[in-house]
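**Student:**
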Amino acid sequence: MSVAQSLNYHIKFKLFGSQIVKWQANRAYRNFKEPKNRKSDILASPLKIGVKTKELITKHYLEGRYVNGVRPVAWVTSGAPVEILKALGFYILYPENHAALCGARRATLDISSEAENRGYSVDICSYARTDIGTMLSGKTPVGKLPKPDILLACTNICQTVLFWYRVLAKHYNVPLIVIDTPFLYDNAEPHQVEYVKNQLENSIETAERVAKKSLDFAKLKNVVKLSKEAAALWLEIMERGKNIPAPISVFDQFIHMALVVEKRGDAETVDFYAKMLAEIDERIEKGIGAVVNEKKRLLWDNLPIWHKLRFLSEFLAEHGVSVVASTYTNAWGELAPMIDVNNPIESLAKTYIHPILNRSAEYKLQVMEKMIDEYKLDGAILHSDRSCKPYSMGQVDERNRLVTQASKPALLLEADHSDPRSYADEQVKNRLNAFLEMLGV
Amino acid sequence: MGVKSIGVDAGSTVVKIVGIDDFGKIALYRMEQADPQIEIQVDRMMDEIKQEYNFKDIPIVATGYGSELIKNAAKRVTEITCHARGAFEYFKKGGTLLDIGGQDSKVIVIAQNGHIVDFIMNDKCAAGTGRFLETSAWRLKIPMEKMGEIALSSDKETPISSTCAVFAESEVISRLAHGEKLEDVIRGLHRSLVKRIAAMVYAIGFTPPLMLSGGVVLNRAIRIMIEEEMGTKALLPEHPQLMGAYGAAFEGLDSA
Ligand code: SF4
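First to last, the protein sequences are chains P and Y.
Following my numbering, the numbering of the first sequence begins with 1 at its first residue and continues without gaps.
Following my numbering, the numbering of the second sequence begins with 1 at its first residue and continues without gaps.
#1: Out of P:L15, P:Y94, P:Y9, which one is the CA nearest neighbour of P:R264?
#2: Starting from Y:Q33, trace the beta strand (DSSP E) both ways and give me its first and last residue.
#3: For chain Y, find out if any of its Cβ atoms is closer than 7 Å to the Cβ of P:V403; answer yes or no.
#4: Just to confirm my understanding: we take P:V67, look at its own chain, exclude 5 residues before and 5 after, and list those with CB closer than 8 Å. What are they?
#5: Sort out for me which residues DSSP pairs P:I124 with in a bridge.
#6: For a quick check, are the C-beta atoms of P:A424 and Y:T78 less than 7 Å apart?
#7: State the CB to CB distance for the pair P:L412 and P:Q395, rounded to an integer number of angstroms; the pair is presumed to be in contact (CB under 8 Å).
#8: Check for me: the beta strand (DSSP E) holding P:L303 runs from which residue to which?
#9: If I measure Cβ to Cβ from Y:A151 and keep anything under 6 Å in the same chain, skipping five residues before and after, which residues do I get?
#10: The ligand SF4: which residues have Cβ under 5 Å from any of its heavy atoms, chain order?
#11: Taking the alpha carbon of P:A290 as the reference point, which residue from P:Q366, P:Y273, P:K242, P:A99 has its own alpha carbon closest?
#12: According to DSSP, is P:H171 part of a helix, a strand, or is it coil?
#13: Would P:V223 and P:K350 be called neighbours here (beta carbons separated by less than 7 Å)?
#14: Between the C-alpha atoms of P:F254 and Y:E134, what's the straight-line distance to the nearest angstrom?
#15: Use the C-beta contact count for P:L7: other C-beta atoms within 10 angstroms, 16 or more gives buried, fewer gives exposed.
#16: Curious, which full-length alpha helix (DSSP H) runs of at least 4 residues does the stretch 375-403 of chain P contain?
#17: Just verifying my parser: in three-state terms, what is the DSSP assignment at Y:K16?
#18: Is P:I177 helix, strand or coil when you go by DSSP?
#19: In the structure shown, what three-state DSSP assignment does P:F13 receive?
#20: Determine the contact status of P:V270 and P:L220, defining contact as a CB-CB distance below 7 Å.
#21: Threshold first: 3 residues or longer. Then list the beta strand (DSSP E) segments lying entirely within the stretch 37-121 of chain P, N to C.
#22: Which first and last residues belong to the beta strand (DSSP E) in which P:A415 is found?
#23: Closest to P:G138 by C-alpha separation, out of P:P247, P:L200, P:I381, P:H98, would be which residue?
#24: Using beta carbons (cut-off 7 Å, strictly below), is Y:I116 in contact with chain P?
#25: I need the straight-line Cα distance from P:R431 to P:R297, nearest angstrom please.
#26: Using DSSP bridges, identify the partner residues of Y:T96.
#27: Counting contacts by CB-CB distance shorter than 7 Å, is Y:T96 in contact with chain P?
#28: When you compare only the Cα positions, how much space is there between P:L443 and P:W23?
#29: Any Cβ of chain P within less than 7 Å of the Cβ of Y:T81?
#30: Mind listing, in chain order, the continuous beta strand (DSSP E) runs of no fewer than 3 residues lying wholly within the stretch 111-190 of chain Y?
#31: Check whether the Cβ atoms of P:D385 and P:H354 lie closer than 7 Å to each other.
#32: Does DSSP classify Y:A74 as helix, strand or coil?
#33: Rounded to whole angstroms, what's the CA-CA distance from P:S203 to Y:G66? Just pull it up for me.
#34: Using a Cβ-Cβ cutoff of less than 7 Å, which residues in the same chain neighbour P:A274 once the five nearest sequence positions on both sides are dropped?
#35: Cβ of Y:T207 less than 7 Å from any chain P Cβ?
#36: Roughly how many angstroms lie between the CA atoms of Y:G101 and Y:G11, to the nearest whole one?
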């Protein structure tokens, strides 16, 4: 660690930057004002906790600007078993979250062209193209991303990450840990858990070498505990959607899930979700629904369309449609019960084999059918995401089964989670309108 | 006979207007190539109709891509609902409607009570639409209305494997360059389109009977090949292009 880097970090981030962000957020939280341009006739006021979401994310990226040379930095995939790195004090960056943020800020096209112009195909996931574009050009809406000292890729979400992280490893010339998770057609067999557990144990040595310290198991247990608590709270928050009217929609969830992804294992994340839950319960008590005049309740499958969140949420709300549950946001909570604080490594192995993307289409269908039943849903929108092949594969059959077996109308909506070139407003409106007419709203 | 309701289908290639009478029969219809300024065009067409039929206040329902621009429409309804309604009112039964237009195609499963059970659309890509034949016809300098008859004059089919309109066009040229006969290649081109469309029907689940609409089914080769591909006879309305406007006119009766 150089003295200059350390001074910079402590002065610009610790002493000033993070304090200013915190002070501003606290003030905004205390004197919470509804945004002026909100459509109060169709949508409830945004959650007050949104101020905190913004604060924590801003602080996270702000720290990233100054963190190199002060804390070791890891870049990890969204479904990576990050707890070991957390316990070793790594600053963790999630390129997928960063790419989603680029999508929401409509920066994807500019950044991903940097990768495309160097030969990366447009058929690759737009998250990977965005990240590689940032790697090559330094472009990012958050100012600057820290360089990684280590990379951790877990194949429990897709195989794209394997090749994408190899590109990063070569470019940054840093060690890459790959955790290979066998695809599950059913629940994981003991030998599959063992296989992942061995990889996790073997990864510790590399991580310790980069962090220049040994893993403290008490710390690991604490991080695992905090991860579990955050995920469990998140699950509870989502389940509040069973209320009629639903107090939050998946469009709210898409925003507030950021922390359970990129800051799980932190104490402040647990506090955050506890506060969020309390605010939602308050809404329930007052009978407030996310959509003012909730007439129909829908399911969302697959990633969000980050650059169209507002449009979609308003368009649907105008017709009294609340999208109350999603397989995607659910994925960050459904595994909480599997985490066993007293058996950290083995339970991490087990948990991280089971994400929905690492499981069969049949399983995904069961999750959807269960949600339709439990959340009393009237239909489903399945976003066929041009980028995310593992999530989108099987959707044609899943959709057909929802229509024939569950007797629920279901719509396949073709788009991309962040590449605007795979999205057309008129066509989406046309399909949604026809779907809404079919639902009778 | 009096006109009870008017449906306007402002499609991306053709504007269609249908007026229905008390018995739900087509009392009048108009079809024109769509102008870029569709609003002015529809106003003019409506003025002409009003003069000729001498009526003032009857409901107008608009559908199609340009429907937003039809300012004096009492309401706007999507093409899916209008086509389903049109087919149900025309054939008086449920089934699977396959509509193949110049720039999009759709499959709608209609229940026996007329409700929409399910639908699927292709409007993102020329594959599976009239545009697929058009690009090659244009390249070969063959008028579109001749394409079907040329295809039917062939007794051997040259397979065209591309479903992409752009790739198919170059495949057609290369087949011809290799000495294949024009009619065989064009028949193969039709087959490729029909296979793609049949796949759409199967993807959503086929409920008989099969009903056809849209400008492209005026092409006899397409109709014959769809029946071959689906292994069933298809029902064809008198004016396949008017299905959307016809259904829209019925939607107007509801709100009247
Ligand atoms: S392909 Fe899907 S799972 Fe993989 S990185 Fe992209 S969005 Fe994530």
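Virtual Cβ for every residue (Gly too), placed ideally from N, Cα, C.
Since the model is a prediction, treat every value here as computed from it, not as a measurement.
**Tutor:** Result, derived from the coordinates:
#1: In the first sequence, residue 264 of chain P corresponds to position 264, counting from 1. Here the closest residue by C-alpha is P:Y94.
#2: In the second sequence, the residue the question calls residue 33 of chain Y occupies position 33. Here the beta strand (DSSP E) through Y:Q33 covers 26-33.
#3: By 1-based counting over the first sequence, the position of residue 403 of chain P is 403. Yes, contact with chain Y.
#4: Here residue 67 of chain P corresponds to residue number 67 of the first sequence, with the count starting at 1. Contacts found: Y9, F13, V73, Y91, P146.
#5: Along the first sequence, one-based indexing puts residue 124 of chain P at 124. According to DSSP, which records beta bridges pairwise, P:I124 is partnered with nothing at all.
#6: Your numbering for residue 424 of chain P matches position 424 in the first sequence. Your numbering for residue 78 of chain Y matches position 78 in the second sequence. No; because the gap between Cβ atoms is not below 7 Å, this pair is not in contact.
#7: By 1-based counting over the first sequence, the position of residue 412 of chain P is 412. By 1-based counting over the first sequence, the position of residue 395 of chain P is 395. That pair is a contact at about 6 Å.
#8: Counting from one through the first sequence, the residue named residue 303 of chain P turns up at place 303. No beta strand (DSSP E) contains P:L303, which DSSP labels as neither H nor E.
#9: For the purposes of this step, residue 151 of chain Y is identified with residue 151 of the second sequence, where counting begins at 1. Excluding positions up to five away in sequence, the list reads I186, R187, H190, A221.
#10: P:C125, P:Y127, P:I157, P:C158, P:T160, P:C388
#11: Counting from one through the first sequence, the residue named residue 290 of chain P turns up at place 290. The shortest Cα separation from P:A290 among P:Q366, P:Y273, P:K242, P:A99 belongs to P:K242.
#12: As a working note, residue 171 of chain P is residue 171 in the first sequence. Helix, per DSSP.
#13: Here residue 223 of chain P is taken as the residue at index 223 of the first sequence, counted from 1. Here residue 350 of chain P is taken as the residue at index 350 of the first sequence, counted from 1. No, Cβ-Cβ distance for P:V223 and P:K350 is not below 7 Å.
#14: Within the first sequence, the letter at position 254 stands for residue 254 of chain P. Within the second sequence, the letter at position 134 stands for residue 134 of chain Y. Approximately 43 Å, taken between the alpha carbons.
#15: The residue labelled residue 7 of chain P in the question sits at position 7 within the first sequence. Flag for P:L7 reads exposed.
#16: 389-392
#17: Mapped onto the second sequence, residue 16 of chain Y falls at position 16. Looking at Y:K16 - three-state DSSP - the assignment turns out to be strand.
#18: Indexing the first sequence from 1 puts residue 177 of chain P at position 177. Collapsing the DSSP output to three states places P:I177 in a strand.
#19: Taking the first residue of the first sequence as 1, we reach residue 13 of chain P at position 13. Note: P:F13 maps to helix in three-state DSSP.
#20: One-based indexing of the first sequence puts residue 270 of chain P at position 270. One-based indexing of the first sequence puts residue 220 of chain P at position 220. Their beta carbons are not under 7 Å apart, which means P:V270 does not touch P:L220 by this criterion.
#21: 73-76, 91-93
#22: In the first sequence, residue 415 of chain P corresponds to position 415, counting from 1. Here the beta strand (DSSP E) through P:A415 covers 410-415.
#23: Position 138 of the first sequence, counted from the start, is the residue given in the question as residue 138 of chain P. The shortest C-alpha separation from P:G138 is found at P:H98.
#24: The sequence position of residue 116 of chain Y within the second sequence is 116, counting from 1. Cβ-Cβ to chain P under 7 Å: yes for Y:I116.
#25: The sequence position of residue 431 of chain P within the first sequence is 431, counting from 1. The sequence position of residue 297 of chain P within the first sequence is 297, counting from 1. Taking the straight line joining both Cα atoms gives about 17 Å.
#26: Taking the second sequence and counting its residues from 1, one reaches residue 96 of chain Y at position 96. DSSP lists Y:V109, Y:L210 as the beta-bridge partner residues of Y:T96.
#27: For the purposes of this step, residue 96 of chain Y is taken as residue 96 along the second sequence, with counting starting at 1. No - not a single Cβ of chain P is within 7 Å of the one on Y:T96.
#28: As displayed, chain P neither begins before 1 nor continues past 441, which places residue 443 of chain P out of reach and without an answer.
#29: Sequence index remark: in the second sequence, residue 81 of chain Y carries index 81 (1-based). It does; some Cβ of chain P falls within 7 Å.
#30: 116-122
#31: Here residue 385 of chain P refers to the residue found at position 385 when the first sequence is read from its first residue. Here residue 354 of chain P refers to the residue found at position 354 when the first sequence is read from its first residue. Going by C-beta atoms, P:D385 is not nearer than 7 Å to P:H354.
#32: Sequence index remark: in the second sequence, residue 74 of chain Y carries index 74 (1-based). In this structure, Y:A74 counts as coil in the three-state DSSP scheme.
#33: The sequence position of residue 203 of chain P within the first sequence is 203, counting from 1. The sequence position of residue 66 of chain Y within the second sequence is 66, counting from 1. Cα to Cα, the separation comes out at about 59 Å.
#34: Taking the first residue of the first sequence as 1, we reach residue 274 of chain P at position 274. So the qualifying residues of the chain are L233.
#35: Counted from its first residue, the second sequence places residue 207 of chain Y at position 207. It does not: the Cβ of Y:T207 has no partner Cβ on chain P nearer than 7 Å.
#36: Here the question's residue 101 of chain Y lines up with position 101 in the second sequence. Here the question's residue 11 of chain Y lines up with position 11 in the second sequence. So the alpha carbons of these two residues sit roughly 9 Å apart.
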